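Report on one structure; see the data block that follows.
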Amino acid sequence: MPRPFSPFRYFLRHKRKSVALIAGLMLSMLVIAFVGGMISSVETNIRLAQSFSAHFSVVQALTPEGIPEETLAAIRSHPGVAAVYPVSQLQTQAPLLAGTTTVPIFAMDAGDLALFARDLNITVLEGRLPAAPGEIALSSQMATAKEWRVGDVVGSEVREGEALRGRFTVVGLLGDQPYTALAATDRTAAGVPGYVVLARPDQRAETDTWLATEVAVENEIRVITKQSVEESLEGEIGTFSLILALLTAIVTVTNTVVTTLLAYIFVAERRPEFALYLALGQPPGRVILRALTEMSAVLFVGWALGMAVTTGLFWWVKASFFAPRGLAFTVWNPTILLHTLPSPVLITVVLAVVLTLMLSRLDYISVIEGRN
Amino acid sequence: MLEARNLVCEYKDGSRRLRVLDGVSLSLQPGKSLCIVGPSGSGKSTLLYVLAGLRVPTSGSVSYRGRPLETMSNAERVRLRARDFGFVFQQHFLVKHLTVMENIFVSARSRSRETLAYARYLVERLGLKGLEHRFPASLSGGQRQRVALARALINRPAILFADEPTASLDSDSSASLMQLLAELRGETALIMVTHDTRLLDQFDRTMELVEGKLRQVSRRVS
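Chains A and B, in that order, are what the protein sequence lines are.
In short: position in the first sequence from 1, add 213, done, that's my numbering.
In short: position in the second sequence from 1, add 250, done, that's my numbering.
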């Protein structure tokens with residue numbers, strides 16, 4: 214049965230026009246998704262570096278006097294607190310694709326460290342947990358990022374410019390929690406002294422609130438909770454998000470204008486065809502809907518191909534650049550997917566308006582008579 | 251079936267008003283044919299489009315089956331054109347990216363097996379067999395106009411409006427097209443405008459449009 218109004222008929226028979234529209238949209242999907250994917254991965258890795266905050270809070274003394282005994286006793290006796298471990302917070306720098314991010318390293322007595330690892334269900338993939346001062350174990354992801362292996366001697370005393378102060382021997386690789394690094398210390402090692410506070414199950418939020426309001430003292434005691442980490446990350450990541458939004462907006466607007474112009478030219482060329490349909494007694498609404506369906510079908514193909522190519526590219530980028538550097542990279546990111554949708558939707562909406570205006574003003578008899 | 255009374259059609263031409271139709275009246279009975287002749291620019295096409303409800307007259311009335319077109323809504327007139335009227339335009343106006351068969355189906359109101367069978371019948375009778383999957387660009391002028399005729403007849407319209415369908419054809423192709431039109435239209439009434447006076451004897455009635463006024467030229471005795 215002949216189907217003159219099949220949605221793909223026009224563009225299947227005008228391959229150059231289809232290729233122009235599909236290529237235009239594909240390119241813009243690639244740009245949006247690629248830029249979005251890169252920025253999103255940087256954001257993900259910055260968050261991962263602070264992922265400890267999902268599991269415990271930290272109370273630090275900002276003065277040489279340390280945390281008063283009564284404050285420490287209050288923390289230990291708080292009903293929402295499951296365990297408190299003395300800790301010295303060190304740090305190192307983990308590379309991102311561009312630049313680095315700071316990663317905390319929690320150093321504690323060897324005995325506490327074993328209990329702490331048990332409380333957090335930290336597994337050892339290779340080697341062992343630190344058992345003596347000067348030993349360090351870190352997540353396999355972080356080890357890849359830092360290019361450290363079991364047996365390596367690391368630290369500022371070994372390599373100039375290293376942010377981890379002192380000299381440490383890598384004794385183990387940890388699983389499950391990315392960017393976790395634990396070191397055994399005699400507590401005299403350099404670092405910010407404080408306490409790791411583990412909350413009881415389901416009492417994290419209340420405990421954190423109490424710590425932030427009752428324990429934290431300006432310029433004396435700092436409390437690092439999940440919320441405070443989130444707040445500090447927001448500022449850092451907000452810049453990336455703003456860049457992403459700006460780039461997406463620029464590409465979306467440019468692409469929408471260019472593709473809409475292209476689509477408009479293709480539609481305007483079909484005025485005699487539309488005039489014929491109207492003269493033959495087809496309702497204008499149906500003619501508009503049909504032209505829009507044809508255009509949307511091509512735009513959808515362009516979008517889908519753009520997404521398919523982007524996904525392929527992301528797999529390659531992840532395998533070639535991110536995974537070897539121990540960096541996380543999300544291949545299928547719903548947020549990026551959402552960023553790619555406004556462009557084809559906007560083009561369709563603009564075309565719907567243009568088509569409606571064009572057909573409502575079209576003097577189809579003049580076109581049929583060859584006077585227009 | 252179709253009746254026009256005192257049709258007046260005026261156009262603005264700069265500051266002047268041109269009266270193209272000046273009190274035109276006519277009627278057409280079911281199955282009958284009417285030819286309207288006149289020199290180029292005499293308003294034949296305008297009259298045809300007014301009769302078909304494509305143009306609205308300045309004054310006067312066109313009634314189809316007793317109902318004035320001007321009392322119909324836009325949507326009703328659109329439905330009427332799709333359901334009861336067929337059109338063959340001066341230019342074939344085939345859709346370039348559609349095949350012969352798809353062009354015929356552009357105006358088909360039904361996609362039934364009967365319609366397909368009728369389309370095949372028209373294709374065969376119009377000498378288009380074997381060309382069903384060809385595109386208009388590869389057809390001759392006569393073939394294109396025959397496809398346009400098949401498109402106009404596919405719904406078995408009550409009235410076929412033809413606007414100089416032979417204008418771009420040579421005399422053999424014109425005679426052939428008119429012959430086929432006469433054979434295929436069956437119960438369909440026909441109103442054709444033309445300036446080709448050789449075709450007049452093929453119509454039940456012929457009227458001439460001169461300076462916006464219509465007058466009877468001849469009546470064939472059947």
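C-beta: ideal position from N, C-alpha, C; glycine also.
Keep in mind it's a predicted model, so treat the numbers as computed, not measured.
Going by Cα to Cα distance, which pick from 300/B, 416/B, 338/B, 251/B is closest to residue 448/B? Looking only at 300/B, 416/B, 338/B, 251/B, the smallest Cα-Cα distance to residue 448/B is reached by 416/B.
Under 8 Å, Cβ to Cβ, is there at least one residue of chain A near residue 251/B?
Not one chain A Cβ lies under 8 Å of residue 251/B.
**OP:** Can you say whether residue 383/B is buried or exposed, counting buried as having 16 or more other CB atoms within 10 angstroms of its CB?
**Re:** Burial call: exposed.
* To do: Taking only beta-carbon positions, decide if residue 481/A is within less than 8 Å of chain B.
  => Interface criterion not met: the Cβ of residue 481/A is under 8 Å from no Cβ in chain B.
Notebook entry, point to check: Measuring CB to CB, does residue 295/A end up less than 8 Å from residue 411/A?
Noted result: Yes, they are a contact pair.
_Proximity of residue 453/B and residue 285/B at Cβ, strictly below 8 Å_ = Yes. Within cutoff.
Note to self: Just to confirm before moving on: does the CB-CB distance between residue 316/A and residue 267/A stay below 8 Å?
What the structure shows: No; because the gap between Cβ atoms is not below 8 Å, this pair is not in contact.
- Message: Cβ closer than 7 Å: which chain B residues qualify as neighbours of residue 581/A?
- Response: Under the 7 Å cutoff, chain B gives 339, 343.
- residue 484/A CB to nearest chain B CB: under 8 Å? Answer no: the Cβ-Cβ gap between residue 484/A and chain B never drops below 8 Å.
Practice prompt. Examine chain A for any beta-carbon lying closer than 8 Å to the beta-carbon of residue 472/B, and answer yes or no.
Written response: Interpretation of residue 472/B is limited by its pLDDT of 42, a score under 50 that renders its predicted location unreliable; no figure is taken from the coordinates.
task: Just the C-alpha distance for residue 301/A and residue 466/A, rounded to the nearest angstrom, thanks.
output: Looking at the backbone, the Cα of residue 301/A and that of residue 466/A are separated by about 51 Å.
Limits of the unbroken alpha helix (DSSP H) element including residue 421/A:
DSSP places residue 421/A in the uninterrupted alpha helix (DSSP H) bounded by 417-423.
Does residue 571/A come within less than 8 Å of chain B when only Cβ atoms are used? By the rule that beta-carbons nearer than 8 Å mark a contact, residue 571/A does not touch chain B.
* Asked: Which residues in the same chain have their Cβ closer than 8 Å to the Cβ of residue 434/A, if we skip the five residues on either side of it in sequence?
  -> 272, 273, 274, 275, 280, 284, 428, listed in sequence order.
- Task: Note down, in chain order, every chain A residue with its Cβ under 7 Å from the Cβ of residue 357/B.
- Result: Residues of chain A passing the Cβ test: 493.
| field | Check: residue 519/A C-beta below 7 Å from any heavy atom of the ligand NAD | value | In the structure on display, the ligand NAD does not appear, and there are no ligands present to speak of.
- Query: Quick one: what does DSSP say residue 472/B is sitting in, helix, strand or coil?
  - Reply: Per-residue confidence for residue 472/B stands at a pLDDT of 42, beneath the threshold of 50, marking its modelled position as unreliable; no derived number is given.
**Per-residue DSSP class, three states only, for residue 379/B** = Here residue 379/B sits in coil by DSSP.
Problem - Cut-off 8 Å between Cβ atoms - residues of its own chain near residue 279/B, not counting five sequence neighbours on either side - result: Within the same chain, residue 279/B has close Cβ partners 251, 439.
* Use the C-beta contact count for residue 390/B: other C-beta atoms within 10 angstroms, 16 or more gives buried, fewer gives exposed. => Counting Cβ neighbours within 10 Å, residue 390/B comes out exposed, since fewer than 16 surround it.
Just the C-alpha distance for residue 546/A and residue 250/A, rounded to the nearest angstrom, thanks.
-> Each residue's Cα considered, the two are about 8 Å apart.
- To which residues of the same chain is residue 325/A closer than 6 Å at the C-beta, ignoring the five residues directly before and after it? So the list reads 298, once near-sequence residues are dropped.
- Message: By DSSP's criteria, residue 298/A is part of a beta bridge. Which residues make up the other side?
- Response: In the DSSP assignment, residue 298/A is bridged to 409/A.
- Under 7 Å between beta-carbons, which chain A residues line up against residue 300/B? List them in chain order, please. Per Cβ cutoff of 7 Å: no residues; residue 300/B is ~10 Å from chain A at best.
List the endpoints of the continuous beta strand (DSSP E) containing residue 448/A.
Premise fails: residue 448/A lies in the alpha helix (DSSP H), 439-481, not in any beta strand (DSSP E).
Min CB distance residue 387/B to chain A below 8 Å: Taking CB atoms only, residue 387/B has no neighbour in chain A less than 8 Å away.
| query | Where does residue 411/B sit, in a helix, a strand or coil, going by DSSP? | reply | In the structure shown, residue 411/B sits in a strand (DSSP, three-state: E or B).
* Check whether the Cβ atoms of residue 321/A and residue 522/A lie closer than 8 Å to each other. => Contact: no.
Worksheet entry | Beta-carbon gap between residue 464/B and residue 274/B smaller than 8 Å | Cβ atoms of residue 464/B and residue 274/B: closer than 8 Å.
Original post:
Any Cβ of chain B within less than 8 Å of the Cβ of residue 489/A?
Top reply: With 8 Å as the cut-off, residue 489/A counts as an interface residue toward chain B.
Alpha carbon to alpha carbon, how far is residue 180/A from residue 391/A?
Not covered by the structure: residue 180/A. The range shown for chain A is 214 to 585.
Only counting the same chain, and skipping five residues up and downstream in sequence, which positions put a Cβ closer than 6 Å to that of residue 413/A? Answer for residue 413/A: 293, 295, listed in chain order.
Notebook entry, point to check: Can residue 385/A and residue 375/A be called in contact, C-beta distance under 8 Å?
Noted result: Not in contact: residue 385/A and residue 375/A (Cβ atoms no closer than 8 Å).
Checklist line | Counted within 10 angstroms of its Cβ, other Cβ atoms place residue 412/B as buried (16 or more) or exposed | finding: Classification of residue 412/B: buried, given that the 10 Å Cβ count is 16 or more.
**OP:** Measuring only between beta-carbons, confirm whether residue 503/A sits less than 8 Å from chain B.
**Re:** No - not a single Cβ of chain B is within 8 Å of the one on residue 503/A.
Kindly list, in the order they appear in chain A, the residues whose Cβ is closer than 9 Å to that of residue 329/B. Neighbours of residue 329/B in chain A, taken as residues whose beta carbon is under 9 Å from its own, are 494, 496 in chain order.
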